[in-house]
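*Asks:* Below: one structure in structure tokens.
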Amino acid sequence: MTIAETLVYSRPKSFTETQSHYCPGCTHGVAHRLVAEVLDEMGMREHTIGVASVGCSVFAYNYLNMDFVQAPHGRAPAMATGVKRVYPDRVVFTYQGDGDMISIGTGEIIHAAARGENITVIFLNNANYGMTGGQMAPTTLPGMKTTSSPNGRDVETMGFPIRAAEMLSTLDGASYVVRRSLHNPKNIRMAKKAIRTAFETQVRGLGFSMVELLSSCPTNWGITPGDSLQWIEDKMVPYYPIGDYKVSQMVADAKI
């Protein structure tokens, strides 16, 4: 008697076979996979151009099997704007971390959203500068210890964390701005659906879209990969609530 084999999991065509350089337990790889799956399902791989930022995400072009360009630190939205205006028929997206997008790149992301640029932004928030040693980032939580805030983030002297989704949602040019997380299967499924909606928003010409993804960084957080996922739920989600922060009437009417 033979047992029928059923394929239930495979590598998306938009995903390369390159071995990951990310630390064990880092959820950048999960985010890459979701982007790849969505572009495959939409049949858009050959029509997509990604813009890689500076940080842990800098090598996104090694893993996502499509055209890519590399942007200077924080300038991915500006570069994506130029690419989209030259190739308006392409799907153009940036892939950025918090140390890139909400620090040196704050001006670029705000004005891209304010202009309503028809691009998509995938934003990974792991509450620190992951690539350069775990320093305090604009998203580091109050009291959180990092290599540059060893006694914890003191909001009286260091300021409060920036909530990117809430901030960008106030801009008239933004059409779809949401926050999701990558810390368990349920939230990963929700994240994939949001990424699909963000890309569909762009394909239909409805304007700026951004998906913020709460992501783990067990190496710099100094905890195990398993504990880092629980840390997201216990510490990050209360400060960065998961939800839809801006769904324009056009996006709602499109029923994406």
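Residue numbers (my numbering): -10 to 245. Glycine included, each C-beta is placed from N, C-alpha and C at the ideal position.
Please state whether the Cβ-Cβ distance between Ala180 and Met199 is less than 9 Å.
*Replies:* no
*Asks:* Ignoring anything shorter than 4 residues, give me the alpha helix (DSSP H) runs that lie fully in the stretch 50 to 99, in order along the chain.
*Replies:* As far as the stretch 50 to 99 is concerned, its whole alpha helix (DSSP H) runs of at least 4 residues are 65 to 75.
*Asks:* Kindly indicate the opening and closing residues of the beta strand (DSSP E) around Arg168.
*Replies:* 163 to 170
*Asks:* Under a three-way DSSP split, which group does Lys2 fall into?
*Replies:* Coil, per DSSP.
*Asks:* State the start and end residues of the unbroken beta strand (DSSP E) segment that holds Gly18.
*Replies:* Per DSSP, Gly18 belongs to no beta strand (DSSP E); it is in the alpha helix (DSSP H), 17 to 31.
*Asks:* What residue range is occupied by the uninterrupted beta strand (DSSP E) comprising Lys235?
*Replies:* 232 to 236
*Asks:* So what's Leu113 in DSSP terms, helix, strand or just coil?
*Replies:* strand
*Asks:* Phe197 and Gly232 look like a contact to me (Cβ under 8 Å); what is the Cβ gap, rounded to whole Å?
*Replies:* Contact doesn't hold; Cβ gap of about 18 Å is too wide.
*Asks:* Work out the CA separation of Cys15 and Glu97 for me, nearest whole Å.
*Replies:* 26 Å
*Asks:* Grab me the residues of His10's own chain with a C-beta within less than 7 Å of its C-beta, minus the 5 sequence neighbours each way, in chain order.
*Replies:* Phe48
*Asks:* Run through DSSP, which three-state label would Met147 get?
*Replies:* helix
*Asks:* By the three-class DSSP mapping on this structure, what secondary structure does Gln124 have?
*Replies:* strand
*Asks:* Compare the Cα-Cα distances from Thr208 to each of Val27, Ala25, Thr83, Thr135 and report the closest residue.
*Replies:* Of the candidates Val27, Ala25, Thr83, Thr135, Thr135 places its Cα closest to the Cα of Thr208.
*Asks:* Which of the three DSSP states is assigned to Leu203 in this structure?
*Replies:* strand
*Asks:* What do you get for Glu30, buried or exposed, if any count of 16 or more other CB atoms within 10 angstroms of its CB means buried?
*Replies:* exposed
*Asks:* Let me check one thing: in DSSP terms, what residues is Val47 bridge-paired to?
*Replies:* The partner list for Val47 (beta bridge, DSSP) is empty, contrary to what the question assumes.
*Asks:* Taking the beta carbon of Phe165 as the centre, do at least 16 other beta carbons fall within 10 Å, making it buried, or is it exposed?
*Replies:* Per the sequence shown, residue 165 should be read as Tyr rather than Phe. It counts as buried.
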